[in-house]
Amino acid sequence: MIKVLTVFFLFAASAELLSQQTPSLRRADNSTLTALLIKEQKEYLDSLYLYNTGTLSDVVNGRDYIRYFFRSTDKPLLRSEEERSGSLVFKKRKYDDLPLQYDTYTGEVIYTDNKLILNNKICEVALNSDNISRFDLYFRHDTMTFKYFRDEPDFNLEEGFYEVVHDGECKHIIRHISTLNLSDGLEKYPYAPESYIRVADLYVRIVSTTQFLKLFGDSTDAIRQYMRREKIRLRKADKNQITDILKFYERLQVQAG
């Protein structure tokens, strides 16, 4: 009991210290301040707070998550207003029914513990992503599967979590990202997801219909006709429609032998 109280006291003390600090935030083109934010949080909290929840003690291990966007009308938490459950794969073991969120600005998976409340605040932990190979968010009408891409020979993008939408002969992934804009002293975190597909050797970001169609080489005309037939306008297409196009292309490749 004394040990538990000591941990709570240290955690509360660290939270008070943080409340006296002004969070360091990065601009969209400045990653240095992001590193400073993480460093500051780690200095105050990592050595003081190691969270344990029985069988989840290995998984729920990280640093205290501070909601830095309190002055913003935007929340960089992915679909934060929607109910969801979550699961993750940690060291090849799957854990289900977890209260997870994803921060599109910091690229962190957030675990919320509704049972642990300190200073009238529900505790949240930014999980250590080193051993998280995958996590899933289950919404009422949608499931989002995320994979952490790192040190892969065929991966030419920035390391981090990407939603895996289609993983066939062609690939379709989305980087869910927000940036920081400062205007008249107000902070905003506009959400601007980036879609990438891999038809050949490298992942390519989708930026225009013309560029998208050229990726299919000799099948460009067939893809264009398919999009017209299915009334798919790339600029307004959702992730499922993009995946339908890739599946159609895969069928063409099989038919071509």
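Numbering (the numbering used here), first residue to last: -15 to 241. From the three backbone atoms N, C-alpha and C, an ideal C-beta is built for every residue, glycine too. None of these values were measured; they are calculated from a predicted model.
- Histidine 125 sits exposed, since fewer than 16 C-beta atoms from the chains shown fall within 10 Å of its C-beta.
- A check of alpha carbon separations from lysine 155 across Ala184, Glu142 and Thr163 identifies Ala184 as the nearest.
- Within the stretch 92 to 144, the complete beta strand (DSSP E) segments of 3 residues or longer fall at 92 to 102, 105 to 111, 116 to 122 and 127 to 133, listed in chain order.
- If you ignore the 5 residues before and after asparagine 45, its C-beta comes within less than 6 Å of the C-beta of Asn112, all in its own chain and listed in chain order.
- Taking C-beta separations shorter than 6 Å and ignoring five residues to either side along the sequence, the partners of arginine 118 in its chain run Val73 and Lys131, following chain order.
- Closest in alpha carbon position to aspartate 202, among Arg63, Tyr173 and Leu236, is Leu236.
- Take the alpha-carbon of glutamate 136 and the one of glutamate 67: they are about 33 Å apart.
- CA-to-CA, the gap between threonine 57 and alanine 206 works out to about 44 Å.
- In the three-state DSSP reduction, lysine 223 falls in the helix class (H, G or I).
- With contacts defined by Cβ atoms closer than 8 Å, lysine 220 and valine 149 do not form a contacting pair.
- Under the three-state reduction of DSSP output, lysine 231 falls in the helix class.
- Contact between serine 179 and isoleucine 158 holds: their C-beta atoms lie close to 5 Å from each other, under 8 Å.
- Ranked by how close their Cα comes to the Cα of proline 60, the residues Ile181, Asn165 and Gly70 have Asn165 in first place.
- Taking every protein chain shown into account, the CB of alanine 176 has fewer than 16 other CB atoms within 10 angstroms, so this residue is exposed.
- Per DSSP, leucine 186 has no beta bridge partner at all.
- Boundaries cannot be given for isoleucine 50, as no beta strand (DSSP E) includes it and DSSP labels it neither H nor E.
- Excluding the 5 residues flanking it on each side, glutamine 225 has same chain C-beta neighbours closer than 8 Å at Glu214 and Ile216, in chain order.
- According to DSSP, glutamine 85 shares a beta bridge with Ile94.
- Tyrosine 86 is a Cβ neighbour of leucine 121, given a cutoff of 8 Å.
- The beta carbon of tyrosine 187 lies closer than 8 Å to those of Phe139, Asn140, Leu141, Lys155, Ile157, Tyr180 and Ile181 in the same chain, with the five residues before and after it left out.
- As DSSP reads the structure, lysine 155 sits in a beta bridge with Asp151 and Arg182.
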